[in-house]
Amino acid sequence: MTQADLFETWRKGLGPIVHSDETVERVRALALTTASGGEALYRILIAADRLAGAAMWTVVHMTYARRVDLSGAPLPADAFKTIPEGHTGGSLNMVPAFVGYLVANVLSARTRAWLMGQGHSVAAIEAVNALTGDVSPAQRGRYDRSEAGLSRLVADFYSYAIAADGAPAVPLGSHAGPNTAGAISEGGYLGFAEVQYVHMPLPGESLVAFLSDGAFEEQRGSDWTPRWWRAEDSGFAIPVMILNGRRIEERAQIAQQGGAEWLADHLRLNGFDPFAIDGRDPAAFAWAILEAEQRLERFSADPARRYPAPIPYVIAESVKGFGFPGAGTNAAHNLPLNGNPAFDDAARREFNEGTATLFVPPDEIERAVETLAVHDVQRRPPESRHPLALRHPQAPTIPEPQWTRAGDPPDCAMHALDRWFVRLVDRNPGLRVRVGNPDELRSNHMGATLERLRHRVNVPEPGVADAVDGAVITALNEEAVAGAALANKAGLNLIVSYEAFAMKMLGGLRQEIVFARRQREIGLEPGWISVPLVVTSHSWENSKNEQSHQDPTIGEALLGEMSDTARVLFPVDANSAVAALQSVYEGRGQVACLIVSKRDMPHRLDGEAALRAVQAGAAHIEGIAADADVQIVAAGAYQLEEALKAAGRLVEAGLRPLVTMLIEPGRFRTPRDPIEQSFTVDDAALAVLFPSNMPRVIATHTRPEPMLGLLRRLDGGPSTTVAHGYISRGGTLDVAGMLFANRSTWAHLVESAARLLNRPRDQFLSAAECAAIDGRGDPHDLLRPPANRKTA
585 MTQADLFETW RKGLGPIVHS DETVERVRAL ALTTASGGEA LYRILIAADR
635 LAGAAMWTVV HMTYARRVDL SGAPLPADAF KTIPEGHTGG SLNMVPAFVG
685 YLVANVLSAR TRAWLMGQGH SVAAIEAVNA LTGDVSPAQR GRYDRSEAGL
735 SRLVADFYSY AIAADGAPAV PLGSHAGPNT AGAISEGGYL GFAEVQYVHM
785 PLPGESLVAF LSDGAFEEQR GSDWTPRWWR AEDSGFAIPV MILNGRRIEE
835 RAQIAQQGGA EWLADHLRLN GFDPFAIDGR DPAAFAWAIL EAEQRLERFS
885 ADPARRYPAP IPYVIAESVK GFGFPGAGTN AAHNLPLNGN PAFDDAARRE
935 FNEGTATLFV PPDEIERAVE TLAVHDVQRR PPESRHPLAL RHPQAPTIPE
985 PQWTRAGDPP DCAMHALDRW FVRLVDRNPG LRVRVGNPDE LRSNHMGATL
1035 ERLRHRVNVP EPGVADAVDG AVITALNEEA VAGAALANKA GLNLIVSYEA
1085 FAMKMLGGLR QEIVFARRQR EIGLEPGWIS VPLVVTSHSW ENSKNEQSHQ
1135 DPTIGEALLG EMSDTARVLF PVDANSAVAA LQSVYEGRGQ VACLIVSKRD
1185 MPHRLDGEAA LRAVQAGAAH IEGIAADADV QIVAAGAYQL EEALKAAGRL
1235 VEAGLRPLVT MLIEPGRFRT PRDPIEQSFT VDDAALAVLF PSNMPRVIAT
1285 HTRPEPMLGL LRRLDGGPST TVAHGYISRG GTLDVAGMLF ANRSTWAHLV
1335 ESAARLLNRP RDQFLSAAEC AAIDGRGDPH DLLRPPANRK TA
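In this text, residue positions in the sequence shown follow the working numbering: the first is 585, and each later residue adds one.
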């Protein structure tokens, strides 16, 4: 065929895929600049239409059918699922987008990275991957473009199959997962891809981020992409919004406000360079990706460039569920047909008529794949092996900590972290750094980090720690700044926050944790350097503020996740804080929450002891385990200080207490599967640190109930184990007042120890102290350091 014939063949479209006059003109202009010439371009675009039609055909079968028929014959009633399921509309909209992305890669002979924020549209990716053969290892040999392979794909989708060990029995889920070839995020929490994508690509890389108009209503920190992007340290980031106008039950906000034109105005006000395309046409997506890159290349090449950069933003206009009956309705989100084809004749006719317009004969699919799957010829990796999917940066060079000595004057653990982190950054110039900072890095005693890395701003303010190339991402939006660190999987990262406000980060943190854990479960060890979240100005020392600032929930919530992937650590002094942070950067694919005091605290561990404590998860601080009468277990810096005070009073009364610091409680839980079991301590190690049949008082930074549940291996029941911690009481108090309000002072610990030992409490506490505990006396009788006294 001549170039003119090929053009006309493509121009005719395929089924519901038609090419607007605007797209035709853009493609004609592209043909003039394509190295391979217009003939090759039109062959590729013809193939793209056929692949897109076949993938859309597959998507609707994944929702409704138990099998496919590659002859194109109508399916009978018994070929349909009795309970259909699938986010059909969004998946149909994603097919032209993803095929257009493949086309852009073919035209430029370059494999770009991809990210899909709307993970529920996974059927689009799985359908295209099965048709092209670019599937994950677990799917290889199971899903392909044969009738048997596609039938297995549609039958597995929402099959709810479960294996004997409780794991999903098929390598296919409702959202993007580790078994989705090329996926790097589940996309189950809408809005987090929007705040992360700009921080993902390294220089020389290009990322296409598929976003949804529904997520536009979620994390508005995505408006700040031009604020953060820098040509000097970032690859090309190309946001592509699928603007289909609908959420689950109604129109999206953008549609209500005025559609694509309103969105473009909004984006321009926020520094973007938006342009609209036909979101129903693979060719339009391919052109848009290439056009966006050219705009970024022109900006990057300008020696007089100024920030913020006008980031190209692709607005892909479509209708929800385009290409199939029910398009544009609320029903298109999930089940677009008016009935179930398995039982409803009208719905079955509607399905068969709808799929007939999308049907592509197998020989045409074969030719299309041959045209597009030219990776070997172009000497580039398949899309499943894009750069972001293979992140495994070099191991960081760990600087030797500058240890303090046990017994030195009290010091601030945050200052120690600050000093060590700056040395870590300096030792690893090849690792890009991102520090997520909601607002108060200097207030949180990380001034050296701020001076070294600087707030990233477009126009620095004189006399302030600002820089155009700053690595500290600062905004009063916890989700956005945490996203910067979580996205930078090629480098070194740190998130610092008030403990109470870190709760706003939880959804984003959990998305990363769950995806990494799922990778571990299928044998794909995540390769990125673990990310620490340091929470300070925490519940006990933020006593001067109201109760909104007194919330230990972030640690409790993360302790509910698998401890091998979500670590929670309670260092008690400067040395143990540095040892804990060092251990995080020595790990891979973990999110670790460190609860660190920013007030000066006594040095309880020397350097070697701190390293041993972090390695073991706990350490004895005072007493001898072999002859102890009672054990006081402390998780938290202030809790350890109260435990030591309580132990002093017990010693004075002739008892032999054992004080144990619990730095990583998750190491001592009952493991829930073999992976977590390899992370937790065995029974022998547990017995060394926590002797069996010993009365035990636990003082915890968290609420006592979650910690007791976690530490069932230590808990001998109410008659032998008592826990003290945050009981949701607070206000404008001081530290001692917070301890008293939450029944966590040294005296409360002494009273519990006495009860467990069946001893009268007045053997250890004065009448005034007992009255204070009972709420009848003066709290200040407990808030003063416990003086030596003769027992009654």
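C-beta: ideal position from N, C-alpha, C; glycine also.
Note that the coordinates shown come from a computational prediction; the quantities given were computed from them, not determined experimentally.
DSSP beta-bridge partners of A649: F664
Whole-Å CB distance - S604 paired with A765, under 8 Å assumed: The pair is not a contact, with the Cβ atoms about 31 Å apart (cut-off 8 Å).
Buried or exposed by the 16-neighbour rule on C-beta atoms within 10 Å, applied to K596: exposed
R1280 to P1044 span [Cα, whole Å]: 55 Å
Sequence-distant residues of its chain with Cβ nearer than 7 Å to L676 (five each side left out): M640, V643, G905, F906, G907 and F908
Span of the alpha helix (DSSP H), counted from its first residue to its last, around P810: Counted as a single uninterrupted DSSP element, the alpha helix (DSSP H) harbouring P810 occupies residues T809 to W812.
With 16 other Cβ atoms within 10 Å as the buried cut-off, status of T1375: Low per-residue confidence applies at T1375: pLDDT is 38, beneath 50, and the placement is therefore not dependable enough to give any value.
C-alpha distance - Q780 paired with A1068, whole-angstrom precision: For Q780 and A1068, the distance between alpha carbons rounds to 6 Å.
Close Cβ partners of P994 (< 6 Å) along its chain, the five nearest in sequence each way excluded: Cβ neighbours of P994 beyond the five flanking positions: D1184, M1185 and P1186.
Residue span of the beta strand (DSSP E) that contains W698, given as start and end: A697 to M700
Between the CA atoms of A900 and G843 - distance to the nearest angstrom: 11 Å
Euclidean distance between Cα positions of L1234 and R1240: 7 Å
Length-filtered (3 minimum) beta strand (DSSP E) runs lying within the region 666-693: none
Inter-residue Cα distance where the pair is A545 and L1178: Because residue 545 is not part of the residues shown, which for the chain are 585 to 1376, the question remains open.
P946, enclosing beta strand (DSSP E) - first and last residue: Here P946 belongs to no beta strand (DSSP E); instead the alpha helix (DSSP H) covers P946 to L956.
CB-CB length for L691 against L625, believed under 8 Å: 7 Å
Cβ separation of M1245 and V1156, assumed to be a contact under 8 Å, to the nearest whole Å: 6 Å
Within 8 Å, strictly: CB atoms of G1054 and R1040: Cβ distance < 8 Å, so G1054 and R1040 count as in contact.
Residue burial classification, L585 (beta-carbon count within 10 angstroms, cutoff 16): The sequence given here places Met at residue 585; Leu does not occur at that position. Exposed, since its Cβ has fewer than 16 Cβ neighbours within 10 Å.
Endpoints, the beta strand (DSSP E) within which E1206 is located: That run of the beta strand (DSSP E) goes A1202 to E1206.
Sequence-distant residues of the same chain with beta carbon closer than 7 Å to G923, five excluded per side: Within the same chain, G923 has close Cβ partners A930 and A931.
Cutoff 6 Å; reference V953; Cβ partners in own chain excluding five residues on either side: Around V953: T716.
Residue interval of the alpha helix (DSSP H) (run including P1110): Taken as a continuous stretch (DSSP letters only), P1110 belongs to no alpha helix (DSSP H), as it is neither H nor E.
Cα-Cα separation between F859 and A848, rounded to whole angstroms: 7 Å
Inter-stretch contact at 8 Å, needing at least 3 Cβ pairs: the region 712-732 / the region 986-1004: no
Length at least 4, wholly inside the region 911-988: the alpha helix (DSSP H) runs in chain order: Fully enclosed alpha helix (DSSP H) runs of 4 or longer: 929-942, 946-956 and 959-962.
Assigned secondary structure, T1305 (DSSP; H/G/I helix, E/B strand, else coil): strand
Counterpart residues of N1077 in DSSP-defined beta bridges: R1018
Cα-Cα separation, L699 to G805: 17 Å
Cβ neighbours of A1066 in the same chain (closer than 6 Å, five flanking residues each side left out): G1020, I1079, M1089 and G1092
Local conformation of P894 per DSSP, three classes: P894 falls in the coil class under three-state DSSP.
8 Å Cβ shell around Y1169 - same chain, five flanking residues per side excluded: P980, I982, L1008, L1076, I1113, S1114 and P1116
Under the three-state DSSP convention, the category T607 falls into: T607 carries a helical assignment under DSSP once its states are collapsed to helix, strand and coil.
8 Å contact criterion, which F1154 and I1247 should meet: CB distance rounded: 6 Å
Per-residue burial, Q840 [other beta carbons within 10 Å of its own, 16 or more giving buried]: exposed
Given 8 Å, three or more beta-carbon pairs between the region 1321-1335 and the region 1353-1369: yes
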